Structure formats: structure tokens, C-alpha cells
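Colleague: The structure follows.
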Amino acid sequence: MTCTSVLPLIMGACALAPGMQFDPHASIDADEPSVLPVVTTITPAIIRQQRESRLQTSGDAYRQLMTAVAPYRIGPADVLSIIVWNHPELVIPNLTYTIGETAGLQPAGPGLSSQAVPGFAVGDDGNIQFPFIGAFRAQGLTTIELQQRLTVALQPYIRSPQLTISVVAYRSKRVFVEGPVALAGVKPITDVPMSLAEVLGEANGVQSGVGDLSQIELLRNGKRFRLNLGEMAAEGVNTAQIMLKDRDVIRIVPQTYNQVFVTGEVGKPTGLPMHDGRLTLSDALASVQGVNPNSGDPAAVYVIRATDDPARPEVFRLNGKSPVAYALAEHFELKPKDVVYVDATGLTRWSRMINQLVPTAIGANAGRGAVN
Numbered sequence: 006m007t008c009t010s011v012l013p014l015i016m017g018a019c020a021l022a023p024g025m026q027f028d029p030h031a032s033i034d035a036d037e038p039s040v041l042p043v044v045t046t047i048t049p050a051i052i053r054q055q056r057e058s059r060l061q062t063s064g065d066a067y068r069q070l071m072t073a074v075a076p077y078r079i080g081p082a083d084v085l086s087i088i089v090w091n092h093p094e095l096v097i098p099n100l101t102y103t104i105g106e107t108a109g110l111q112p113a114g115p116g117l118s119s120q121a122v123p124g125f126a127v128g129d130d131g132n133i134q135f136p137f138i139g140a141f142r143a144q145g146l147t148t149i150e151l152q153q154r155l156t157v158a159l160q161p162y163i164r165s166p167q168l169t170i171s172v173v174a175y176r177s178k179r180v181f182v183e184g185p186v187a188l189a190g191v192k193p194i195t196d197v198p199m200s201l202a203e204v205l206g207e208a209n210g211v212q213s214g215v216g217d218l219s220q221i222e223l224l225r226n227g228k229r230f231r232l233n234l235g236e237m238a239a240e241g242v243n244t245a246q247i248m249l250k251d252r253d254v255i256r257i258v259p260q261t262y263n264q265v266f267v268t269g270e271v272g273k274p275t276g277l278p279m280h281d282g283r284l285t286l287s288d289a290l291a292s293v294q295g296v297n298p299n300s301g302d303p304a305a306v307y308v309i310r311a312t313d314d315p316a317r318p319e320v321f322r323l324n325g326k327s328p329v330a331y332a333l334a335e336h337f338e339l340k341p342k343d344v345v346y347v348d349a350t351g352l353t354r355w356s357r358m359i360n361q362l363v364p365t366a367i368g369a370n371a372g373r374g375a376v377n
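Counted from 1, the sequence shown has number 227 at position 222 by my numbering; the numbering is strictly sequential.
Written as C-alpha cells, this is what we have:
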């Protein structure tokens, strides 16, 4: 086999050059060959558009979470202290409940832990059992509302009844804290409204260097809200104004879950953690020793971002041949799970293909000579 006979084989195999490469004219989904990725060139207009969209989206999400403070409403399993003045016989001695961690009850105030106190537990049906009256609806009422209704209900039995009602154990409403915090677990909601700031404070804060302050998830009624504490502070959103509700789940996402992956023709392909939710394209390239000067094409720096449709990712391209382009890269914000890919130059692909095909051709030629 001569060099002339090898050349057509080499020319026909250019498309099979080893290594990863990005072809904007190739479909991602083999079942839909007509669907091509849309490649958007990174320009100042694109950066302004993304910044405005991010601020608008986050602002809308935060505003819908900033609700007015609501009074505590009694729920099943709460324990109530109901005192009818001048009628101590209505406090039944055998209806006592132990308040403390071992009993799963939340004391109503300091100094009440591990104490047995008289009270009326709200049943699963939302009722309490009270002398003279029997079953009486308590669920969904504030203590003031229950006091007013119970006073009216007792009037046929007691002249001018005067009642004092309070919650001595809060067991019906709670929020859950998960992730890298010092004190994760269940946090009961009391008559003192619980805000996001308070629940994070009670959990002793997010573990430094482990939890991501930009990726705090609030799960509520099947919806997921993503909270960025740094962004909220910059926009003047007070976390004390975000009130939590029963069954809310606060999940602090570890930093390792929100990496950006840099691959292709760079000095050191790797995954990079985001810093408080921020990482620019310039930072990412600098962290991996930049574009490989021997093999990388600075005009083909791509950012590939997944969307809800796996066949239609967002693709952004930076032409980094000019140093001025890196000013754009400094303002282009990456998102968690973005893939930054630097394509190889045409010469690099040619060289790699030659390195694979020529030894094969030489071996085939040597074998033919041995047969002859």
C-alpha cells in the first residue's frame, strides 16, 4: 500500500476524527433529525437580556412568598389549657400531657419542658371534649375565636362564664429542615410566626463551605421555590418577611450538587463549584488554565445549558479570538449544571486522525508484503 492509496482513506475519514467535537449542524435527537440546536452568539445584548430576565424571575418568586403574618390557628394534636374562672372542677386532673422532647411536644414557653400540665388535646377530627358540652370544634380557630365560641356554649350551664384559653403544646404544625445545617430536623410552628430567617437561625445556619446559600429550596404544596440568599440581600428582600407555613420543607442544597463542568480543549477539564450561586464564563475558563493554546479553538467556546426538552438545549458561543471577548465572558453568568466546551481546531482533529490511521495503514502494508 502506497501513500497515494492511503490518502483517499485519510480524506474520507475526517469526519471520524477521534475526540469530542461540536457540530451545530448535527441533530441531537436521531429520531428528529430536523431539530437542530440553536446557537446564540454571546453579545452585550444577550448579557443584558439574561440579567433582566433573572432579576424579573427572582423578584416575582420572592414577592409571592412575602405574605402577611397570620395568627396561629389550632390544629389536631395541639394541647389546650382552658380555664373557666371560679370553676376549677372543669379542669379535669386526669387529662394531663407531658411536655418535652421525649413526648414529641413543644412547650408553649420557657420552663415548661418535661412537665405534666392539664390540658385538652385536639382530636384528629378537630374537636375537643369539654365538660357539659361534649365534642366542640376547635380546629381552624384562633384561641380568641375559640374563647368566644366556648363562652357562648357554656352560658346555659354557667352564669357569665369567663374563660382563658392558651396553647400549652404545639403539635399540629411543623416545618422540616434538610441538608448541611448544624441542626436539621422538625421545627414546630407556634403562635410566634416562623420566618425563613428564624428557621435558619434555629438550625444554627448553613455549614460554611458545604451548603450553598444560593440554592435553598422551599417546597410548598407541591411547588418548588429556589431562594438565593445573596441575590435576595442585593435586591433588598428581607428573609424575615418570608413566612413559613405548615408542612413547608426547607432544603439546603450541597455545593457539590451545583457544579459547572468544563471540558474539551482546556488546560484541566474538571467540575467547578459555584461561589454563592455565581460563576462567570471567564472565571470557569481561568479555573481550568484557559483554552489549550496547542489544540483549542478560542473561536469555538460553547456553553451548553439543559432545558425541559432534552433535544433542545440552549447553546451559547463565545468567539474568544479577540481579548476583548473575555470582557463579555466576565459578565456571562453560568448556571448550575452548565457544560462549558472548547472545541478543537481543524488542525488538531487532522493530526489526531493521522496519528490513528497511519499506523493502521503501515501495519496493513507490512502484512501484505509478508503475504507476497
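Just so you know, even glycine gets a beta-carbon here, dropped at the ideal spot from N, CA and C. Bear in mind the structure is a predicted one, so any value in this text is a computation, not a measurement.
Quick check: arginine 256 and glutamate 207, are their CB atoms within less than 7 Å of each other?
Modeller: Along the sequence shown, read from residue 1 onward, the residue named residue 256 stands at position 251. Along the sequence shown, read from residue 1 onward, the residue named residue 207 stands at position 202. Contact: no.
Colleague: Identify whether arginine 142 lies in helix, strand or coil by the three-state DSSP scheme.
Modeller: Within the sequence shown, the letter at position 137 stands for residue 142. Arginine 142 falls in the strand class under three-state DSSP.
Colleague: Buried or exposed: methionine 16, going by 16 or more other Cβ atoms within 10 Å of its Cβ?
Modeller: The residue given as residue 16 occupies position 11 in the sequence shown. Confidence is the limiting factor: at methionine 16 the pLDDT is only 45, short of 50, which leaves the residue's position unreliable, though a coordinate-based value still follows. Exposed: under 16 other Cβ atoms inside 10 Å.
Colleague: Name the one or two DSSP bridge partners that proline 161 has.
Modeller: Along the sequence shown, one-based indexing puts residue 161 at 156. By DSSP's assignment, proline 161 forms no beta bridge with any residue.
Colleague: Counting only runs that start and end within the stretch 43 to 86, where is the beta strand (DSSP E) found for 3 or more residues in a row?
Modeller: 44 to 46
Colleague: Going by C-alpha to C-alpha distance, which of Leu168, Thr169 and Val96 sits closest to glutamine 134?
Modeller: Here residue 134 refers to the residue found at position 129 when the sequence shown is read from its first residue. Looking at the Cα atoms, Val96 is the closest of the given residues.
Colleague: Under the criterion of a Cβ to heavy atom distance below 6 Å, does alanine 189 qualify as lining the ligand SAM?
Modeller: The ligand SAM is absent from the structure shown, which contains no ligand whatsoever.
Colleague: Please name the residue or residues paired with serine 200 in a DSSP beta bridge.
Modeller: Position 195 of the sequence shown, counted from the first residue, corresponds to residue 200. Its beta-bridge partners are Met248.
Colleague: Would the beta-carbon of phenylalanine 125 fall within 7 Å of that of isoleucine 87?
Modeller: Position 120 of the sequence shown, counted from the start, is the residue given in the question as residue 125. Position 82 of the sequence shown, counted from the start, is the residue given in the question as residue 87. Yes. Within cutoff.
Colleague: Pull up the distance between the alpha-carbon of threonine 261 and that of methionine 237, whole angstroms please.
Modeller: In the sequence shown, counting from the first residue as 1, residue 261 sits at position 256. In the sequence shown, counting from the first residue as 1, residue 237 sits at position 232. If you take the alpha carbons of threonine 261 and methionine 237, they lie about 22 Å apart.
Colleague: Just to confirm my understanding: we take valine 378, look at its own chain, exclude 5 residues before and 5 after, and list those with CB closer than 6 Å. What are they?
Modeller: Since the first and last residues shown for the chain are 6 and 377, residue 378 lies out of range.
Colleague: Would you list the residues sitting across from lysine 326 in a DSSP beta bridge?
Modeller: Walking along the sequence shown from the start, residue 326 turns up at place 321. Residue pairing from DSSP leaves lysine 326 without any beta-bridge partner.
Colleague: Residues in the same chain with beta-carbon distance under 8 Å from threonine 45, minus the five sequence neighbours each way, listed in chain order, please.
Modeller: Indexing the sequence shown from 1 puts residue 45 at position 40. The residues are Ile51, Glu319, Val320, Phe321 and Arg322.
Colleague: Given this structure, state the Cα-to-Cα distance separating threonine 147 from serine 171, to the nearest angstrom.
Modeller: Indexing the sequence shown from 1 puts residue 147 at position 142. Indexing the sequence shown from 1 puts residue 171 at position 166. Going by the C-alpha atoms only, they are around 10 Å apart.
Colleague: When the Cα atoms are used, what is the spatial distance from leucine 159 to tyrosine 77?
Modeller: Counting from 1 along the sequence shown, the entry for residue 159 is found at position 154. Counting from 1 along the sequence shown, the entry for residue 77 is found at position 72. Their Cα atoms are separated by approximately 24 Å.
Colleague: In angstroms, rounded to a whole number, what distance separates the CA positions of proline 193 and glycine 276?
Modeller: By one-based count along the sequence shown, residue 193 stands at place 188. By one-based count along the sequence shown, residue 276 stands at place 271. If you take the alpha carbons of proline 193 and glycine 276, they lie about 39 Å apart.
Colleague: Going by C-alpha distance, which of Val211, Leu339 and Leu249 is nearest arginine 283?
Modeller: As a first step, residue 283 is located in the sequence shown; it is residue number 278 there, counting from the start. Taking only the C-alpha atoms, the option nearest arginine 283 is Leu339.
Colleague: Terminal residues of the continuous alpha helix (DSSP H) containing serine 292?
Modeller: Counting from one through the sequence shown, the residue named residue 292 turns up at place 287. 286 to 292 is the span of the alpha helix (DSSP H), which, as asked, contains serine 292.
Colleague: Should alanine 289 and valine 265 be called a contact, given that it needs their Cβ atoms to be closer than 7 Å?
Modeller: Here residue 289 is taken as the residue at index 284 of the sequence shown, counted from 1. Here residue 265 is taken as the residue at index 260 of the sequence shown, counted from 1. Yes. Within cutoff.
Colleague: Taking the beta strand (DSSP E) that glutamate 183 falls in, what are its first and last residues?
Modeller: As a first step, residue 183 is located in the sequence shown; it is residue number 178 there, counting from the start. Its beta strand (DSSP E) spans residues 179 to 183.
Colleague: May I ask which residues mark the beginning and end of the beta strand (DSSP E) holding leucine 218?
Modeller: Sequence index remark: in the sequence shown, residue 218 carries index 213 (1-based). Start and end: 216 to 225.
Colleague: On a Cα-Cα basis, can you pick out the residue from Arg179, Leu70 and Gly80 that is closest to asparagine 132?
Modeller: As a first step, residue 132 must be located in the sequence shown, where it is residue number 127. The candidate whose alpha carbon is nearest that of asparagine 132 is Gly80.
Colleague: Does glycine 276 come out as helix, strand or coil in the three-state DSSP assignment?
Modeller: By 1-based counting over the sequence shown, the position of residue 276 is 271. In the three-state DSSP reduction, glycine 276 falls in the strand class (E or B).
Colleague: Cα separation between glutamate 270 and alanine 291?
Modeller: By 1-based counting over the sequence shown, the position of residue 270 is 265. By 1-based counting over the sequence shown, the position of residue 291 is 286. Those two C-alpha atoms are separated by around 13 Å.
Colleague: Under a CB-based cut-off of 7 Å, is isoleucine 257 close to chain C?
Modeller: Here there is only one protein chain, and chain C is not present.
Colleague: In terms of alpha-carbon separation, which member of Ala334, Leu232 and His280 lies closest to alanine 66?
Modeller: On the sequence shown, residue 66 is found 61 positions in, with the first residue counted as 1. For the residues Ala334, Leu232 and His280, the minimum Cα distance to alanine 66 belongs to Leu232.
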